[in-house]
Structure formats: C-alpha cells, structure tokens
Amino acid sequence: MSTSAILTTELVFFLVTAVWRTTATAGDASNAADFSVLCTLEQLASTDLTATYKAIELPPSAVTAIDEIVAAATSQANISAVPDAITKPEEDAATDACQKQSGDKGECVAHWLKWHKIKKDLKEKGKKYQYQPLSIAKRENPAAAQYQLELARIVKAEHGKANKAKNIADNELKAASNAATKHMQNAQFGASKTVFHKVTANIAHMATSRTASRKSPYSGKSLAHDLMCLCAEDSTGSAKFCGFEVKGCNSGA
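Mapped onto mature numbering (1 follows the signal peptide of the UniProt record, and there is no 0), the consecutive letters of the sequence shown carry residue numbers -26 to -1, 1 to 227.
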C-alpha cells in the first residue's frame, strides 16, 4: 500500500472516529440533561409539602396574652392551684392532681398541663412580664369577680376561634398540598398515572412505537414519556442504554 493510500485511510478513520465521538458525546449530554430533569421532577413530586409549608401554630400571640392575663388574675381554683414549678414529670404531676376529680380525668389532665405551661412560661419571663400575678387577696376581692368572669368568657371564646381558624387553615393546606402533588404527578407520568410504564407500545401514553410517539409526543401531559422518547444512543453504543431500544429509532424500533 502506498504512503498516500495509508494517509488517506488514516484520515478517513480519524474523521469517522471523530464524528462518532462527537455524536456520542452529544447523546451522552442530552441523556444527562434529560435524566437530570426527571430526577428533579421526581424529587419535587415526592416532596412532603405539608412538612415544607408548616401549618399555623396555636395559640397565636394575642390568645397567649389573654391566657397570661387569666393566669395572673383569675380566682378559679383549677387554674390558680396549678403550680409553675414541679419536681416530677409533668404527665405524672397532672395525673396525680386530677385523681380526685369527679369529671373527665383526661380533660382535667389536659387543662392542668395547659395552665402549668402558661404559668411556667410566665415565671421564666420574670420581671419582663407585663401582667404581674395578683396576690390571693386581690384575686378574691369581690370587686374583681365580674372582671374574672369576663376574662373566662373571653379566653374560652378566643381559644374556640383560634382552633376553628387552625382547622380551616389545616384543611386548606392539606387540600392545596394534595392538589399540587397530583398536578406534579400528572405532569410527570400523565393524567391519573403514578408510575412510568417504560416505552412499551400502546401502554401509558405510548403510541404503536417509540418513533410514532416521537412524532406525536405527549407534550405537556407526561414529561417522563417525552424525555424518554428523546433518549439517545450513548458513547458505549449500547442498544438499551436508556433501559429500552434506542438504536434504529428512525425505523420505528
């Protein structure tokens, strides 16, 4: 073989190899981009939105202020008798305090724990607290009775309103989160689909073949399907690099 023939052969081989590598590299990059989108979409669709977007917490600051005023001024024994400091676990202290109660002991325990926390928080605030607790004499002063009754009415009404508002907000948050997740899944796999059925013909939005689906993609309805249809042959030349046949897709494979 002449020198010119050898050079020509080497040049052709170089060009073919270069073209193959260029095409393969483009395929690799395209696949990487496609699967990156799918990965991000999967993460978004599986995100717990209720954990990301927290529900409102109770009690709100205004209701907390009312509770603090009641704790500082009430003559109700089931509130004023609850201590701000204890030497045993709170649940045990509450259970012991409610042993002699004739009513609902579970309700009594919840009531005791609530006011213990309020009074404990007040004690921690110390001199910074703006509603200083009244003495026993002032609490039991007949002139204070009407104010105390009104405070009890207000605190009951405000807790009721706060709980109602929280229930409404929680239900709306749950409904919105469910709707957002559903829309994300619909975009990911298609309406009413929760899994991707590969590229099997006539299943889960595929047409009669991968090529037919590429000609008429499920655009805007199943991103997983559309991106899978774009999967290209990689640098290894594997026919099923994407998990299904990618070679010869122009012929309807």
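Note that the Cβ used here is the ideal one computed from N, Cα and C, for glycine as well.
- DSSP, read as helix, strand or coil, puts residue 10 in helix.
- Just measuring C-alpha positions, the residue of 94, 27, 92 sitting nearest residue 147 is 27.
- For residue 151, the uninterrupted alpha helix (DSSP H) run begins and ends at 119 to 163, by DSSP.
- Looking at the backbone, the Cα of residue 83 and that of residue 122 are separated by about 23 Å.
- Judged by their CB atoms, residue 161 and residue 197 are nearer to each other than the 7 Å cut-off.
- Residue environment: residue 90 is assigned as buried (16 or more neighbouring CB atoms within 10 Å of its CB, all protein chains considered).
- The way I'd put it, the segment 125 to 135 does touch the segment 36 to 45; three or more beta-carbon pairs between them come closer than 8 Å.
- At a Cβ-Cβ threshold of 7 Å, residue 93 and residue 45 count as neighbours.
- Only buried fits residue 42, as 16 or more other CB atoms lie within 10 angstroms of its CB.
- Considering only 54, 59, 85, the residue with the shortest C-alpha distance to residue 69 is 85.
- When the Cα atoms are used, residue 120 and residue 155 turn out to be separated by approximately 52 Å.
- Under the 10 Å beta carbon count, residue 32 is surrounded by fewer than 16 other beta carbons and is classified as exposed.
- Per DSSP, the continuous alpha helix (DSSP H) segment holding residue 81 begins and ends at 79 to 99.
- Under the three-state reduction of DSSP output, residue 31 falls in the coil class, being neither helix nor strand.
- Residue 47 holds the alpha-carbon nearest to the alpha-carbon of residue 96 among 65, 117, 47.
- Straight-line spacing of the CA atoms in residue 75 and residue 53 works out to 14 Å.
- The continuous stretches of alpha helix (DSSP H) do not include residue 108, and DSSP gives it neither H nor E.
- A direct Cα-to-Cα measurement between residue 108 and residue 21 gives close to 50 Å.
- DSSP, read as helix, strand or coil, puts residue 44 in helix.
- In terms of Cβ geometry, residue 67 and residue 60 form a close pair [threshold 7 Å].
- Taking residue 140 as reference, the option from 24, 151, 30, 153 with the minimal CA-CA separation is 30.
- Only residues of its own chain outside the window of five on either side were considered, and among them 32, 33, 34, 37 have a CB closer than 7 Å to the CB of residue 136, listed in chain order.
- Counting along the chain, the unbroken alpha helix (DSSP H) around residue 54 starts and ends at 51 to 54.
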